[in-house]
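Residue numbers (the numbering used here): 1428 to 1713.
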Ligand code: BTN
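Right under this line is the structure:
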C-alpha cells in the first residue's frame, strides 16, 4: 500500500530539518560562502547519507526547484556513474548535484559535462595540483589517474529541455583502495596526490564558482572559446585509445575535439569518425 501524501511530505520535512541540525561544519562554511555567488548562491540541501544526489536533485527539480539548487551528500549508497555504472562514494569525497536550466545553450547535455570538467580542472590548478587534464568525455585526471567524474542527465518535456542535473564526484579525502579492481582503473584522490587533507568546502566552493563563471560565459558569449579551452586541457587528444561501442572494441587514435563536443578519432586503416559520448560505453587508453 502506498503511504498517504501527507505522511510522505511530513517525512521529507523531518528529514530536511534533521539534515540542517546535524550539518557538519564544512557544509555550514560552504552555505555561508555560496551566498557570495550569483546564480549558484543558495538552495543547498545536505544529506549525511543519500542513495544518489542525482536522484535527489532530480526529485527536487521535478517539484519545481530553482536553477542553482544544489544537493550535497556526505556519502552515497547508490552513486550513479555513466552508462548505468555504480559510483563508489564513501565519506570524505565531494558528491554533489546541481539543477541547471540553461536558456540559451543548445547542443546536448554532454557540453555541460565538458564545461563542468573544465571548471574542475581550473579549480585543481588553483589548488596547485600538477598535470590536471580532461579525459573525454567526462573524467578529470591527475597524471593518468582519475580523480573526478561528471554526469549530466537531461529531462525533456516533449522537445523542450526542462532541466539538467549535473553530478560532480571528486575523490578528495575518501579512501580509494580497491577502486582499481572495482570499477575505476587508476583512481586517485586529492589526498593521495598531495599527501594532505583538502577542505571539502573550499574544493566545492572553488568548483562551483568556476562553474558559474563558465556557465554564464557560455550563455552570454557562446561555446566556441570555451570548447577551445576544453580542447586545450583534454589529454585524450593525440593518444591511442580503445572505445567500446555496442560491446565491441575499436582501437583508434583521438585526433581532435570539435566545437560541438564530439571527439574525432581515426583508425590506422580507417577514415576519421566523429564520436558523441552517448555512442560509447567505455573509453580506455590503448
Ligand atoms: C562517471 O565517471 O561515470 C560519472 C560519475 C559521477 C558521480 C557523481 S557523484 C555526485 C553525483 N551523484 C551521483 O550519483 N553521481 C554523481
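We put the CB at the ideal spot given by N, CA and C, even for glycine.
Bear in mind the structure is a predicted one, so any value in this text is a computation, not a measurement.
Alpha-carbon to alpha-carbon, residue j and residue i
i: residue 1626; j: residue 1455; result: 13 Å
i: residue 1520; j: residue 1552; result: 18 Å
i: residue 1457; j: residue 1546; result: 17 Å
i: residue 1699; j: residue 1575; result: 29 Å
i: residue 1466; j: residue 1632; result: 13 Å
i: residue 1646; j: residue 1477; result: 32 Å
i: residue 1636; j: residue 1484; result: 19 Å
i: residue 1500; j: residue 1453; result: 12 Å
i: residue 1537; j: residue 1475; result: 29 Å
i: residue 1559; j: residue 1649; result: 25 Å
i: residue 1689; j: residue 1541; result: 11 Å
i: residue 1580; j: residue 1712; result: 25 Å
i: residue 1463; j: residue 1583; result: 31 Å
i: residue 1609; j: residue 1603; result: Caution applies to residue 1609, whose pLDDT of 48 falls short of 50 and renders its modelled position unreliable; the model cannot decide the point.
i: residue 1449; j: residue 1473; result: 10 Å
i: residue 1687; j: residue 1640; result: 20 Å
i: residue 1678; j: residue 1570; result: 22 Å
i: residue 1496; j: residue 1685; result: 31 Å
i: residue 1655; j: residue 1588; result: 25 Å
i: residue 1628; j: residue 1701; result: 38 Å
i: residue 1665; j: residue 1695; result: 13 Å
i: residue 1528; j: residue 1644; result: 15 Å
i: residue 1601; j: residue 1518; result: 6 Å
i: residue 1697; j: residue 1534; result: 27 Å
i: residue 1599; j: residue 1680; result: 31 Å
i: residue 1693; j: residue 1659; result: 19 Å
i: residue 1482; j: residue 1605; result: 26 Å
i: residue 1592; j: residue 1676; result: 30 Å
i: residue 1539; j: residue 1578; result: 9 Å
i: residue 1642; j: residue 1682; result: 26 Å
i: residue 1524; j: residue 1615; result: 21 Å
i: residue 1508; j: residue 1468; result: 26 Å
i: residue 1638; j: residue 1550; result: 9 Å
i: residue 1544; j: residue 1493; result: 23 Å
i: residue 1498; j: residue 1691; result: 34 Å
i: residue 1480; j: residue 1597; result: 13 Å
Cβ-based burial, residue i [other Cβ within 10 Å; buried from 16]
i: residue 1562; result: buried
i: residue 1622; result: exposed
i: residue 1451; result: exposed
i: residue 1573; result: buried
i: residue 1557; result: exposed
i: residue 1585; result: exposed
i: residue 1471; result: buried
i: residue 1750; result: Summary: the structure shown does not reach residue 1750, with the chain confined to residues 1428 through 1713, and so no result is reported for it.
i: residue 1661; result: buried
i: residue 1566; result: buried
i: residue 1651; result: exposed
i: residue 1504; result: exposed
i: residue 1703; result: exposed
i: residue 1531; result: exposed
i: residue 1595; result: buried
i: residue 1624; result: exposed
i: residue 1516; result: buried
i: residue 1555; result: exposed
Bridge partner(s) assigned by DSSP for residue i
i: residue 1590; result: 1582
i: residue 1617; result: DSSP, once it has assigned bridges, lists no residue as partnering residue 1617.
i: residue 1667; result: 1680
i: residue 1712; result: 1668
i: residue 1640; result: None; residue 1640 has no bridge partner.
i: residue 1503; result: 1477, 1516
i: residue 1595; result: 1523, 1577
i: residue 1661; result: 1561
field: Those runs of the alpha helix (DSSP H) which lie wholly inside the region 1465 to 1498 and span at least 4 residues
entry: Counting only runs of 4 or more, we get 1480 to 1489.
- prompt: Within the chosen definition, does the region 1500 to 1516 reach the region 1485 to 1492 through at least 3 CB pairs nearer than 8 Å?
  reply: Contact between the region 1500 to 1516 and the region 1485 to 1492 is absent, with fewer than three C-beta pairs closer than 8 Å.
- request: Specify whether the region 1698 to 1712 and the region 1669 to 1689 touch according to this definition: at least 3 beta carbon pairs, one from each stretch, less than 8 Å apart.
  value: Yes, the region 1698 to 1712 touches the region 1669 to 1689.
task: Pick out the complete alpha helix (DSSP H) segments inside the region 1513 to 1589, 4 residues or longer, and give them in chain order.
output: For secondary structure counted as the alpha helix (DSSP H) over 4 or more consecutive residues, the region 1513 to 1589 holds these complete runs in sequence order: 1536 to 1553.
Every unbroken beta strand (DSSP E) within the region 1676 to 1710, with a cutoff of 3 residues, ordered by chain: For the region 1676 to 1710, whole beta strand (DSSP E) runs of length 3 or above, ordered along the chain, are 1690 to 1693, 1699 to 1702.
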